[in-house]
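The sequence shown begins at 2 in this note's numbering and counts up one residue at a time.
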Amino acid sequence: MSAEEDVEKLFRDMVSGQNDRSNHSPVNRLSVSGLSFGIKYEIERKLGVKTETFKDQLNMFKGTALHVHVQNLAKSLGYSPEYRCYYSIPFEWNRLKFREIILAGSIDLIHWERREIIELKSSQYSDKIEQYHKIQLAAYVNMMKFKTGNEFTGLVVKFGGKDLILEELKSNESSELWDEILNRARSCASELDNLVDETVSVPQDGDGPKTDSKNDLYFYDEN
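Structure, rendered in structure tokens:
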């Protein structure tokens, strides 16, 4: 292999490696960001059939690098980056032996004193804030409200094709979109319950963060 081929392989492996991690989370743990895209998207992601081209991976790699850079800068302004959050939805699975759905997500930036949540997005081609951006943000705003008992504001900040754009989440949108993400979670769980064969070994709750309806329904990793 030539030096040029070595370099090409190095960078392709580095970019593609962003998606090498297998999904070992329990079947009942659903991604907020995945559900924001859509039920079909999240089902394919959970079943491991969601495929991405190298172009998709490269765009994700660049977006992640931008996120990390902005998050590091935001720390000096009092924001905490990548705050992991979980929320439990009571749900009786039929074929799988679960009694809840766990919504899981990672808040890009949260400011505790201001009670402010920021969702970062980037695109080389679009200056438009999409509906799924706001659905994802609404989920985080409501998850934090139920966790802390305090109201949080939400802001989408997008590094678009030509400019920086911002949009604040309105209170009526927050409620409506929260209902939407809950409905999507239940629909997704129903479909997964029917699709996953009982004979297939699936990760159980012991493999990840625990939630117990008798204790704290909301588990947060504050790393």
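Just so you know, even glycine gets a beta-carbon here, dropped at the ideal spot from N, CA and C.
Predicted model, so just to flag it, every value in this text is computed and none were measured.
Could you give the residue range of the beta strand (DSSP E) that holds residue i?
i      : result
LEU167 : 165-169
VAL158 : 154-160
LEU121 : 117-123
With distances taken from CA atoms, which of the options is nearest residue i?
i      : options                          : result
ASP164 : ILE130, GLU45 and MET145         : ILE130
ARG115 : ASP194, GLY155 and GLU192        : GLY155
LYS146 : TRP113, GLU168 and LEU167        : TRP113
LYS232 : ARG187, VAL28, LEU67 and ASP180  : Within the shown structure, residues of the chain are numbered from 2 to 224, placing residue 232 beyond reach of any answer.
GLU169 : ASN151, ASP194, ILE44 and GLN132 : GLN132
ILE111 : LYS135, LEU193 and ALA75         : ALA75
TRP179 : PHE92, GLN125, ALA139 and GLU93  : ALA139
Taking residue i as part of the alpha helix (DSSP H), name the residues at either end of that continuous run.
i      : result
TYR42  : 40-48
ILE136 : 132-149
LEU97  : First-last for LEU97: undefined, no H or E at that position.
According to the neighbour-count rule (16 or more other Cβ atoms, all chains shown, within 10 Å of its Cβ), is residue i buried or exposed?
i      : result
LYS41  : exposed
ASN143 : buried
GLN137 : buried
ARG96  : exposed
ARG30  : buried
TYR80  : buried
THR200 : Its pLDDT being 41, under 50, THR200 is placed unreliably in this model, and the value from its coordinates should be taken loosely. The residue is exposed, with fewer than 16 neighbouring Cβ atoms inside 10 Å.
GLY49  : exposed
GLU43  : buried
SER202 : The predicted position of SER202 is uncertain, since its pLDDT is 48 and thus under 50; no value can be drawn from it.
LEU196 : exposed
LYS135 : buried
SER176 : exposed
TYR126 : exposed
PRO82  : buried
Do the CB positions of residue i and residue j come within less than 8 Å of each other?
i      : j      : result
PHE160 : SER123 : yes
ILE119 : VAL158 : yes
ILE102 : ALA186 : yes
VAL33  : GLY106 : yes
ASP128 : ILE182 : no
GLY35  : ARG46  : yes
TYR88  : LEU104 : yes
ASP141 : CYS189 : The residue asked about is misnamed: residue 141 is Tyr in this sequence, not Asp. Contact: no.
Could you pull the DSSP bridge partners for residue i from this structure?
i      : result
ILE90  : ILE102
SER32  : ALA105
LEU178 : BP columns for LEU178 are empty, so no partner.
HIS112 : GLU117
For residue i, verify whether its CB is less than 7 Å away from any heavy atom of the ligand SAM.
i      : result
LEU183 : With respect to small molecules bound, the structure shown includes none, and the ligand SAM cannot be examined in it.
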